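Asks:
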Amino acid sequence: MSWIPIALVALVVLATIGLGIYTTRISTTASDFFVAGRSVNVFWNASAISGEYLSAASFMGVAGLVMRYGYDVLWYPVGYATGYLFLLLFIAGPLRRFGAYTIPDFAEGRFNSPVFRKIAVTFVLFIGFFYTMPQMKGAGVAMTSIMGTPYWVGVVLVGVVISFNVALGGMKGITFVQAFQYWLKMFAISLPVFVLMAVFGPYHETVGKLQSSPSGYPKYRHDAVRSFDPSKPNQGVLSLPSNTPTRIQFVSEATLKTLGTARKSKPGEDKIPATRFVAPLTNRTIEREGKAENQIYWQAGETAEFKPVAVTKDGVPVMKDGHLVLTGAKLEFESPVKVRFLEGTTAAGTVSNAEWLQPFGGLTNKHGFPLLYTFSLIIGLIFGTAGLPHILVRFYTNPDGRAAKRTTLWVMVLIGVFYLFPAMWGSMGRELMPELYANSKTDAVVVELPRALGGVWGEILSGITAAGAFAAFMSTFSGLLVSMSSAVAHDIYGSILRPKSTPTERLKAFKFAAVGVGIVATLLGLMAESWDIALLVGWAFAIAACSYFPLLLLGAWWRGLTAKGAATGMLIGGLASLGTIITTMAIDKKALAWTPDPIVRTLMEQPAIWGVPLALFLMWAVSSATRTEIPKDVDTLMLRLHAPEELGMSKDYIPDGH
Amino acid sequence: MLMRRQAALSMRVAAVFLFLILGVPLANYFAPAWSQQPVMGFPLSWFLLGILFYPITWALSTYFVRASEKLEAEEAAMIRSERSGGGS
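In order, the protein sequences belong to chains A and B. Reminder that position 195 of the first sequence reads as 195 in our numbering, one-by-one numbering, no gaps. Reminder that position 38 of the second sequence reads as 1038 in our numbering, one-by-one numbering, no gaps.
1. In chain A, which residues lie with their C-beta within 8 angstroms of the C-beta of S1084 of chain B?
2. Can you tell which of A:W75, A:I49, A:I17 has the C-alpha that lies nearest to the C-alpha of S1045 of chain B?
3. Measure the CB-CB distance between K307 of chain A and F277 of chain A and report whether it falls below 9 angstroms.
4. Determine the DSSP secondary structure at R96 of chain A, reduced to helix, strand or coil.
5. Please report whether the beta-carbon of S1088 of chain B lies at a distance below 9 angstroms from any beta-carbon of chain A.
6. Alpha carbon to alpha carbon, how far is I464 of chain A from M433 of chain A?
7. Taking one C-beta from the stretch 285-305 of chain A and one from the stretch 351-370 of chain A each time, how about it: are there three or more such pairs within less than 8 angstroms?
8. State the DSSP-derived secondary structure class of M1003 of chain B, mapped to helix, strand or coil.
9. Opposite E287 of chain A in the DSSP bridges: which residues?
10. Answer yes or no: do P241 of chain A and Y217 of chain A have a C-beta to C-beta separation smaller than 9 angstroms?
11. What is the DSSP secondary structure of P1043 of chain B, reduced to helix, strand or coil?
12. Measure how close the beta-carbons of G560 of chain A and R640 of chain A come, nearest whole angstrom, since I'm counting them as under 8 angstroms.
13. Output yes if chain A places a C-beta closer than 9 angstroms to the C-beta of R1080 of chain B; else output no.
14. Using a Cβ-Cβ cut-off of 9 angstroms, state whether W1046 of chain B counts as contacting chain A.
15. Is G657 of chain A close to chain B, meaning its C-beta is less than 9 angstroms from at least one C-beta of that chain?
16. Name, please, each residue of chain E whose Cβ falls closer than 8 angstroms to the Cβ of F194 of chain A.
17. Of all the CB atoms in chain B, is at least one closer than 9 angstroms to the CB of E205 of chain A?
18. Using a Cβ cut-off of 7 angstroms, pull out every chain A residue sitting near Q1037 of chain B, in sequence order please.
19. Step through the CB atoms of chain A and report whether any lies within less than 9 angstroms of the CB of G1023 of chain B.
20. Counting contacts by CB-CB distance shorter than 9 angstroms, is W1034 of chain B in contact with chain A?
21. Give the secondary structure of L647 of chain A by DSSP, where H, G and I count as helix, E and B as strand, and everything else as coil.
22. Quick one: using the 10 Å Cβ neighbour count with 16 as the cut-off for buried, is H323 of chain A buried or exposed?
23. Which whole-angstrom value is the C-beta distance of A57 of chain A and V537 of chain A, which I expect to be below 8 angstroms?
24. Assess contact between the stretch 283-299 of chain A and the stretch 246-261 of chain A, defined as three or more Cβ pairs (one per stretch) separated by less than 8 angstroms. Is contact present?
25. Residues in its own chain within less than 7 angstroms of V161 of chain A by CB, not counting five upstream and five downstream?
26. Spatial neighbours of G1023 of chain B within its chain, please: CB distance less than 6 angstroms, with the 5 preceding and 5 following residues excluded, ordered by chain position.
27. Among A:F470, A:S335, A:Y548, which has the Cα closest to the Cα of I189 of chain A?
28. Find the residues of chain A that neighbour V1013 of chain B, judging by a C-beta separation of less than 7 angstroms, and give them in chain order.
29. At 4 residues or longer, and completely inside the stretch 310-340 of chain A: list those alpha helix (DSSP H) runs for me, N to C.
30. Can you give me the Cβ contacts of T246 of chain A inside the same chain, cut-off strictly under 8 angstroms, excluding the 5 residues immediately before and after it?
31. Quick check: what's the CA-CA separation for K137 of chain A versus F34 of chain A?
32. In chain order, what are the residue ranges of uninterrupted alpha helix (DSSP H) at least 4 long that sit wholly in the stretch 572-634 of chain A?
33. Just to confirm before moving on: does the CB-CB distance between G384 of chain A and A120 of chain A stay below 9 angstroms?
34. Hey, how far is the Cα of L665 of chain A from the Cα of L449 of chain A?
35. Measuring only the C-alpha atoms, how far is L1026 of chain B from F1019 of chain B?
36. DSSP state of W298 of chain A, grouped into three classes?
Structure, rendered in structure tokens:
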């Protein structure tokens, strides 16, 4: 039966290639390749933008994160979707009326500054590659879990298919493919959930059930086997829940380095002996570094029962709100081991229902400043969305500024409806498939969950979501590839290296650039196997929020902005936020021995709350200091950005046929 | 002139939206019990964020698109009449 998902994924890939070939017939001029001839109507364009925007992170990642962390993750889809409101309010209309091909065009044209184009191009490529790697990794990982192929197969497949499509049809070609992929993704994320709800009960009942047993944990519906490997970061530790006993069978021999408490103990609290946590328990004496040491171990096939234990201080039980404070055991393994959780036992690796449903859980409260963390996360997501170059470039494909605004409105409806679903997947996954917690495989919930139905139907629905996931990797990567190829062919080749090149030469350059960038992106994707993809997307959003968004906002609305001011704000804002995120990562990977203050740590991990104001302030301050350099034609420019088309003042920066 | 009126409109809509989206974490923080009371089977805060926020943004953006198109039409009409009135 496992051929069903393979067949459905193959169908989507073939349909993508087929549509790509079909559209080459209508895509012929340079303007077609760069901005789809500026003739895409509102419906197609809104579908295509939504298709491009809903990436692997949205299709698989958000559902998995909701399942893992609960409520706090709902901010992600809300931020992703409502970022478009700011695009609509401040950027969509003026940007389209400017009428360029790429965002660097805007940077140069707005300030008559060729240098600025170079800075802007660098940022486009930077953000583009950060955003590409997660798509590639998603494709590799998904292909592995669906078909058992090696990691590189999925990466190369998506890389080759999309580079081919983009080189063949450019922006106009992918517009139709992406629009088709939006509707496919919408179908794939919604239909299986409706079937699951018809069988297992509706969304609000699932969430309601969780709320009515706040101290409950999900229970395994099947035996779940989980592997631990202490040689990998965070993969050698098992923390057990504090409210119920857990029965565990050791599939292979297990030796412990330590057996401690899952709850972080406070100063003065008594140490809990291992025998109070678990029975049976076997000890042996081993020699480590010349000293005799006691080691806890279990033989292969042995079953042990772990119990929560009351925390005591000087022998007196610790109380909170009239209840005993309990803690589960925390097992730190010495060597790789496989563990089986028996059916009916409480799921390990997740929090209680109440913690899952309530705000300020493990995601936002990890450094103790949950409100600050949440605010900064929201700001980063919203302004990051409004500053992503591969999304912005799409606004040039609208016929005029009015259509650009209407398109944005429809995009918000299309992606908003889509984003209702990941939370449903997450909460149903918690209820129906807690095994995924044990395996740390919550990311795969959209592909795995339909299998809870069993039989052929389960496989078909799982195949549909797998196909939807592939549509997500492919459509987002095509958009990124067009935006990066345009940057190379139009900005680097056409404007910086050979300004006198003809449109035909630029079109040829676009095709070469698509293949070249496609190859680089595929190679980067191959390297990304062991990287944390959520982090890479986070980088892209943070840089976009602190660089492009301030540039476009002030560039479109403030006459006084000068090239120097804009460049200073954009560079320092973008680089400072990137720098703090990289530092955070270095601390996490223990490459940097520094423990910053929790509030500093929060601000470093989510830099938007200071990065956006910093960039705006620098733009204002430096522009005020260089007031003499305000472009002479700023009034004409502003008129062009804002005057309604019917007055005939808008003139495309790059007219058709150029 | 048009630009100023458009900017004022955008800021107004943005202010309403920011008030709502930044208000939810504040309510969660300072009124946790209230934000967890059940609404249609969901905790209130989940219902707001997981479902209701999307229609709210649709309503705000529909209002904005209508109002901004109306502004543009008014402005265009005004400038046209100035031009013909000016006899240039």
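All C-beta atoms in this analysis are idealised placements derived from N, C-alpha and C, irrespective of residue type, glycine included. Small disclaimer: the values here were computed from a predicted structure and weren't measured.
Replies: Let me lay it out:
1. As a position in the second sequence, residue 1084 of chain B is number 84, starting the count at 1. Those do not exist, as S1084 of chain B stays about 13 angstroms from chain A at its closest Cβ, beyond 8 angstroms.
2. One-based indexing of the second sequence puts residue 1045 of chain B at position 45. Ranking the options by Cα distance to S1045 of chain B, first place goes to A:W75.
3. As a position in the first sequence, residue 307 of chain A is number 307, starting the count at 1. As a position in the first sequence, residue 277 of chain A is number 277, starting the count at 1. Their beta carbons are under 9 angstroms apart, which means K307 of chain A touches F277 of chain A by this criterion.
4. Numbered from 1 along the first sequence, position 96 holds the residue referred to as residue 96 of chain A. Reduced to three states, the DSSP call for R96 of chain A is helix.
5. In the second sequence, the residue the question calls residue 1088 of chain B occupies position 88. Because S1088 of chain B sits at a pLDDT of 40, beneath the cut-off of 50, its placement in the model cannot be relied upon, and the following sentence gives the value as read from the coordinates. Output row for S1088 of chain B: interface = no.
6. The residue you call residue 464 of chain A lines up with position 464 of the first sequence. The residue you call residue 433 of chain A lines up with position 433 of the first sequence. Each residue's Cα considered, the two are about 19 angstroms apart.
7. no
8. As a working mapping, residue 1003 of chain B is identified with position 3 in the second sequence. Correct three-state label for M1003 of chain B: helix.
9. Here residue 287 of chain A refers to the residue found at position 287 of the first sequence. In DSSP, E287 of chain A forms a bridge with A:A292.
10. Position 241 of the first sequence holds residue 241 of chain A. Position 217 of the first sequence holds residue 217 of chain A. It is a contact, given that the beta carbons lie within the stated cut-off.
11. Looking up residue 1043 of chain B in the second sequence gives position 43. Three-state DSSP puts P1043 of chain B in a strand.
12. Position 560 of the first sequence holds residue 560 of chain A. Position 640 of the first sequence holds residue 640 of chain A. Not really, about 17 angstroms apart at Cβ, beyond 8 angstroms.
13. For the purposes of this step, residue 1080 of chain B is taken as residue 80 along the second sequence, with counting starting at 1. Yes, its Cβ sits closer than 9 angstroms to a Cβ of chain A.
14. As a working mapping, residue 1046 of chain B is identified with position 46 in the second sequence. Judged by the 9 angstroms Cβ criterion, W1046 of chain B is in contact with chain A.
15. Within the first sequence, residue 657 of chain A is the residue found at index 657, counting from 1. Note that G657 of chain A scores a pLDDT of 45, beneath 50, so its modelled location is shaky; the value from the coordinates is reported in the next line. Taking Cβ atoms only, chain B never reaches closer than 9 angstroms to G657 of chain A, which makes this a no.
16. Among the protein chains of the structure shown, namely A and B, there is no chain E.
17. Locating residue 205 of chain A in the first sequence gives position 205, where the first residue counts as 1. True, the Cβ-Cβ gap to chain B drops below 9 angstroms.
18. On the second sequence, position 37 is the one that residue 1037 of chain B refers to. By Cβ distance, chain A contributes nothing, its closest Cβ being about 10 angstroms from Q1037 of chain B, past 7 angstroms.
19. Here residue 1023 of chain B refers to the residue found at position 23 when the second sequence is read from its first residue. No, G1023 of chain B does not count as interfacial toward chain A.
20. Position 34 of the second sequence, counted from the first residue, corresponds to residue 1034 of chain B. Cβ-Cβ to chain A under 9 angstroms: no for W1034 of chain B.
21. Stepping through the first sequence from its first residue, residue 647 of chain A is reached at position 647. Three-state DSSP puts L647 of chain A in a helix.
22. Within the first sequence, residue 323 of chain A is the residue found at index 323, counting from 1. Answer is exposed; the Cβ neighbour count stays below 16.
23. As a working note, residue 57 of chain A is residue 57 in the first sequence. As a working note, residue 537 of chain A is residue 537 in the first sequence. Right, the Cβ-Cβ distance comes to about 5 angstroms (below 8 angstroms), so this counts as a contact.
24. yes
25. For the purposes of this step, residue 161 of chain A is taken as the residue at position 161 of the first sequence. Around V161 of chain A: V13, T16, I17, M474.
26. Stepping through the second sequence from its first residue, residue 1023 of chain B is reached at position 23. Around G1023 of chain B: no qualifying Cβ.
27. Looking up residue 189 of chain A in the first sequence gives position 189. Per the Cα distances, A:F470.
28. Along the second sequence, one-based indexing puts residue 1013 of chain B at 13. Here the neighbours are L89.
29. none
30. Counted from its first residue, the first sequence places residue 246 of chain A at position 246. Excluding sequence neighbours, T246 of chain A sits near L240, E305, F306, G328, F341, T345, T346, A348.
31. To locate residue 137 of chain A, count along the first sequence from 1; it is residue 137. To locate residue 34 of chain A, count along the first sequence from 1; it is residue 34. Each residue's alpha carbon lies about 27 angstroms from the other.
32. 598-605, 608-625
33. Position 384 of the first sequence, counted from the start, is the residue given in the question as residue 384 of chain A. Position 120 of the first sequence, counted from the start, is the residue given in the question as residue 120 of chain A. In this structure, A120 of chain A does not lie closer than 9 angstroms to G384 of chain A by Cβ.
34. It is not possible to answer for residue 665 of chain A, since the shown part of chain A is limited to 1 through 658.
35. For the purposes of this step, residue 1026 of chain B is identified with residue 26 of the second sequence, where counting begins at 1. For the purposes of this step, residue 1019 of chain B is identified with residue 19 of the second sequence, where counting begins at 1. Straight-line Cα distance between these residues: approximately 10 angstroms.
36. To locate residue 298 of chain A, count along the first sequence from 1; it is residue 298. W298 of chain A falls in the strand class under three-state DSSP.
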